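Notes to accompany the following structure.
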């Protein structure tokens with residue numbers, strides 16, 4: 028079984044570029060060949076996968092003041108991801124240790140969705 032969250036975006040071209048170019052995801056499915064024609068796509072990296080879709084007029088993506096969805100992606104080494112994201116031009120704070128024994132790096136996407144990459148620390152039970 029797999030879960031593929033769907034994020035509604037205000038500009039799928041901007042979101043696609045962010046996830047692909049800044050976070051290093053690969054496009055594994057799309058509804059059009061050219062980026063400028065895409066209205067839906069699926070991206071993946073290291074076993075994590077999510078879908079992006081252009082919001083229609085009657086739909087709206089999250090805003091930073093009304094986030095209702097946060098993605099938590101468990102990875103082997105959040106510090107290595109931080110270095111990779113920095114090399115791709117993102118300016119982010121260093122990962123922090125959460126009280127529940129996870130080392131975390133929260134990355135806001137262009138529509139205000141929180142994408143939190145985390146690595147279990149010693150003592151983590153989940």
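In the working numbering, the protein residues as written are 28 to 153.
Even glycine gets a Cβ: it sits at the ideal position worked out from N, Cα and C.
Computed from a predicted structure; not experimentally measured.
Cβ-Cβ distance between residue i and residue j below 8 Å
i: residue 31; j: residue 69; result: yes
i: residue 49; j: residue 112; result: yes
i: residue 98; j: residue 46; result: no
i: residue 146; j: residue 104; result: yes
i: residue 109; j: residue 123; result: no
i: residue 95; j: residue 51; result: no
Start and end residues, alpha helix (DSSP H) containing residue i
i: residue 52; result: It is not in any alpha helix (DSSP H) - residue 52 carries neither H nor E in the DSSP assignment.
i: residue 41; result: 39-44
i: residue 108; result: 105-114
Residue i burial status per 10 Å Cβ neighbour count (16 or more: buried)
i: residue 136; result: buried
i: residue 140; result: buried
i: residue 28; result: exposed
i: residue 75; result: buried
i: residue 55; result: exposed
i: residue 153; result: exposed
i: residue 138; result: buried
For residue i, the nearest candidate out of the options (CA to CA)
i: residue 40; options: 81, 110, 95; result: 81
i: residue 125; options: 133, 118, 119; result: 133
i: residue 130; options: 114, 118, 62, 149; result: 149
Terminal residues of the beta strand (DSSP E) in which residue i lies
i: residue 33; result: 33-36
i: residue 151; result: Looking at the DSSP string, residue 151 is not in any beta strand (DSSP E), and its letter there is neither H nor E.
i: residue 129; result: 129-135
i: residue 65; result: Premise fails: residue 65 is in no beta strand (DSSP E) and is neither H nor E.
i: residue 77; result: 75-81
i: residue 97; result: 97-101
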